[in-house]
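Protein chains in written order, with the numbering used here: chain B, 76 to 648; chain C, 547 to 822.
Ideal placement from N, C-alpha and C gives every residue a C-beta, glycine not left out.
Because the structure is a prediction, the values reported are computed rather than measured.
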Amino acid sequence: MKDRIITVSVSGSGGSGAVTIGLILLKSIANAGFYGYMSRSSGPQIRGGESSVIVSFSDHPVERNADCIDLYFALDWRGFERFSDEIPLNSDSCVIFDSSHDTLPDMVAKTGAKIIEVDLKEQVKQIKGSLPNSFAMGILAAQIGLSLESIFKALQQTLHQKDEAFMEDTFRAIEAGYTLLRESPSLLSNWQPSSQPRWNISGNEACGLGALRGGIQLVAAYPITPASDIVEYLAPRLEKVGGTVLIAEDELAAMNMVIGGSFGGKASMTATSGPGISLMTEAMGLAVASETPALVVNVMRGGPSTGIPTKSEQTDLNQALFGMHGEAPHVVVAPLSIADTVSVTQWAVGLAEAMQILVILLSDQRLGQSRAIIDAVPAKVYGLQRKVLAEGSAEPYERYAVTEDSISPMAIPGNRQGLYTADGLEHTATGKPSSMASDHLQQLRKRESKVAQFDYKNEWAEILTSGKRSRAIVLTWGSTFGSVKEAVMELHREGIAVDLLAIRLLMPLRVDAIKKLCEDKQVIVVEQSYSGQFYHYCLGRGAIGASSLSLAEAGPLMLKKSDIKHFIKEALI
Amino acid sequence: MRDMTQETLTAKDYLSDIRPIWCPGCGHFFILRALAQAFAWLKLPKEQIGLISGIGCSSRIPAYINAYGFHGVHGRALALGTGLKAVRPDMHVIVAGGDGDGYSIGGNHFIHACRRNMDMTYIVMDNEVYGMTKGQPSPTTEPDWESKFAPHGTGIRTFNPLGVALASGASFIARGFAGDPNGLTKLIVEAIEHKGFSLVEIKSPCVTFRPEEKEWSKTMRKMNVVPTDDVVEAARKIHSSDGLDTGIFYQATLPVFEPHSTKGKTVLDFEKEFEV
């Protein structure tokens, strides 16, 4: 609470309404003029089991959950042990639970948290048609200091389809819950409401919006957790801006459909997760070899195999970098936050189109399925377009002609002068299949060089310097950025100078630029993987030195700000 | 479908100058010729043809046709063609390949392309063997055909592509023979003109690894019947045939999948949904 972040968690068995409370809380916070961030977690069964939400909010943009829970409401204790390591409680926490059918678990009592018991069964009896979670909502709002008005407004926005009598009973129950406990001082009293235009958006929606901004016209996909929300966001919208969503029979089909659509002249993408990427990998190589633009979004989850489908990990990095057979130059990018996902996805579409190449965008379950109140993200102009063969161009046409920037004009079917056959076989400049060493070398060079010499501008990384001469620099990527940034900013406030380099462009790695930023500094690489994939990648490419340190932790738990801070401090001793 | 504004093109105009890799006497030469004849007969503008293939001897065909083509990965040609057709309904999408490509590694896409019934034509050049990898048994190889890969034969019954296509929802199902160029051209023309997913399964002898298939020129026969749109009748015809009958087994008007996209909104409209 010191850094003006309040973190509230709610959990309960399936259907208890924990997620709904989280969504309404987040909206209420937005209505009150503040920022928030909500992550959610469920058991491995995805549907029908226990679920929990953690909502952090503040008067400044916040894109991670705090290390500890301030206020926790257990609608019931069923399945609590599955979440217990994701809901860190300590003696500063306040725990409220429904005592009508449960007793306090020992593991919670041991945390030393302040405990408040409420009998929700008794409350429900007093207002007919009410539900326990409505009282919980009211209790939480009062404890936080949110006005009833902001809650009611959020409720109307969320439950607009419900009937009037139900709404009335719900309002009464919330009101009753609001006055149930002894009045506590508002936690929001010193907060400044924002007057900025703000959005309520999830990471997967942000990806969908970025795709629309980038001009995607075809999405082909097969359902998979946690990526399906992207397709579900796009399905009703893309068709209204002239595009199409194809339901593929499997991921192999999805990737090939993307290539077919792109060959037809339309920016195309798919969204999947690790197992889907494994199935798409052969066709991803086809996009590289045939120089067909394609965007593949991987919302990463725990692996290997089916792994942990509902939770986050940054462990598909090696797969994204090195998954394809042969030498297959391509681009790998990763957004750093929900807001960043909008722009990075738009950028990724542009990169694929402009370079006629495969771009893999690595998001993860934490980024994708979390929801936040953020400042509206303005559309960017990247000026990245496909280089297309003009109608009426002089013949003969060479599809894979070697040019100065190694990008050859692509003929779009319908153009009389551009007849060609795209090929996954090695080919000559005209596209004719060839196994000649000289043709292979020419085309290898061309494909490598277009990626290597492309101007990625300043988008390649986010750089945060202390303003003073720093002794250390922290390298990170993806959703881990949220915790690392908070840790580094706290160190700055403590007068410890540390730089932060968060990399969006993972391939091609800007080795020289990274080297320059890391010069004479202790390098610390932070990531959410067991084996330190990112650390070894940077080391292997020579971007960082052998004395660099690795803070790598397996998912699905988010790296804690306090642990990162501690690690950096230790490294500086 | 005929475009009268085009200059008159002959079959030769649709052939590229790349020489096929096929063995002398291969049935695929006749299919290539019949395909070019069909294009010429229909007067299809070359730039409006998308010829999509996978991997195998037959899948080399896009390079030999003067049009837009895509030689993709093994078994996925139908998916690639589906993507193209979805964004470019104006294109004539022809997917071509072999029995292994279409019925084995690509079997799932075959089923779902039939189900989707998009307006495209699928030409399978079936020689009952993997030729490019030198003579392994394919899904249409008889169970007792002995090879290095399967010294005692596969012991697995043959795949029935026409039956599977019918059960899956294809709306045009035909069998042709490479040794009957005129009949084949006519079948391909009718398949392209058909609105919906059309399968033309063509028996095409592999003279190198299945020299016995040369006998097909004596045994294949024309089926002199009117195509039916009755599924039960078609099923009876398909399942009672010994595999040597050529002709259209089934042709029906069925719902065709085509994306219904409009241009009523802009991205800005969607951004408003996020506003607090």
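B:SER337 carries a helical assignment under DSSP once its states are collapsed to helix, strand and coil. Linking C:PRO707 to C:TYR649 through their CA atoms gives a straight-line distance of about 7 Å. The contact set of C:ALA613 on chain B, defined by CB atoms closer than 7 Å, consists of LEU494 in chain order. In this structure, B:VAL363 lies near B:ALA403, with their beta-carbon atoms less than 9 Å apart.
Residue state for B:CYS169 is assigned as strand, using DSSP reduced to three classes. In the three-state reduction of the DSSP assignment, B:GLN198 falls in the helix class. At a Cβ-Cβ threshold of 9 Å, B:ALA395 and B:ILE334 do not count as neighbours. Contact of C:MET637 with chain B by beta-carbon distance below 9 Å involves GLY339, PRO488, GLY489. The alpha-carbon separation between B:THR245 and B:ILE619 amounts to approximately 57 Å. The bridge partners DSSP lists for B:ILE81 are B:PHE132.
Interface with chain C (9 Å Cβ-Cβ cutoff): B:THR420 is excluded.
Note on geometry: alpha-carbon atoms of C:GLY618 and C:GLY602 lie some 10 Å from one another.
Of the other Cβ atoms in all chains shown, fewer than 16 fall within 10 Å of the Cβ of B:ASN533; this residue is therefore exposed. Distance from B:ILE449 to B:TRP274 at the Cβ level is roughly 6 Å; contact confirmed, criterion being Cβ atoms closer than 8 Å.
Taking a 10 Å sphere around the C-beta of C:HIS658, we find 16 or more other C-beta atoms and assign the residue as buried. For B:SER127, DSSP records a beta bridge to B:SER86, B:SER116. When DSSP reads this structure, B:GLU388 sits in no beta bridge, so it has no partner.
For C:PHE695, same chain residues with a beta-carbon under 7 Å away, outside a window of 5 residues either side, are GLN682, PRO683 in chain order. In this structure, B:PRO471 sits near B:THR505, with a CB-CB distance shorter than 9 Å.
Contact note: C:LEU630 reaches chain B through GLY335, GLY336, PHE338, GLY339, using a C-beta cutoff of 7 Å and chain order. Out of B:LEU146, B:ARG461, B:VAL573, B:VAL563, the CA that lies nearest to the CA of B:LYS341 is found in B:ARG461. For C:ASN654, the nearest CB of chain B lies under 9 Å from its own CB, placing it at the interface with that chain.
Using a Cβ-Cβ cut-off of 9 Å, C:ILE669 does not count as an interface residue toward chain B, since no Cβ of chain B sits closer than that to its own.
Looking from the CA of B:LEU634, the closest CA among B:GLU594, B:PHE227, B:GLY557 belongs to B:GLY557. Put simply, the stretch 517-525 of chain B does not touch the stretch 589-601 of chain B. Fewer than three CB pairs are less than 8 Å apart. Counting only runs of 4 or more residues that sit fully inside the stretch 383-461 of chain B, the alpha helix (DSSP H) segments are 392-397, 413-430, 440-444, in chain order. Within the model, the alpha-carbon separation for B:VAL408 versus B:GLN218 is close to 41 Å. For B:TYR612, the enclosing alpha helix (DSSP H) has its first and last residue at 608-615. Between C:MET766 and C:THR731, the beta carbon gap of about 16 Å keeps them out of contact (Cβ cut-off 8 Å). B:LEU592: member of the alpha helix (DSSP H) spanning 586-593, first to last residue. For B:GLY318, the neighbours in chain C by C-beta distance under 7 Å run, in chain order, SER807. Counting along the chain, C:LYS558 sits inside no alpha helix (DSSP H), nor does DSSP assign it H or E at all. Flagged as an interface residue toward chain B: C:PHE616, by a C-beta distance shorter than 9 Å. At the C-beta level, B:HIS405 and B:VAL526 come within 9 Å of one another. Rounded to the nearest whole angstrom, the C-alpha separation of B:GLN492 and C:ALA580 is 25 Å. DSSP, reduced to helix, strand and coil, places B:PRO368 outside both helices and strands of the structure shown, so it counts as coil.
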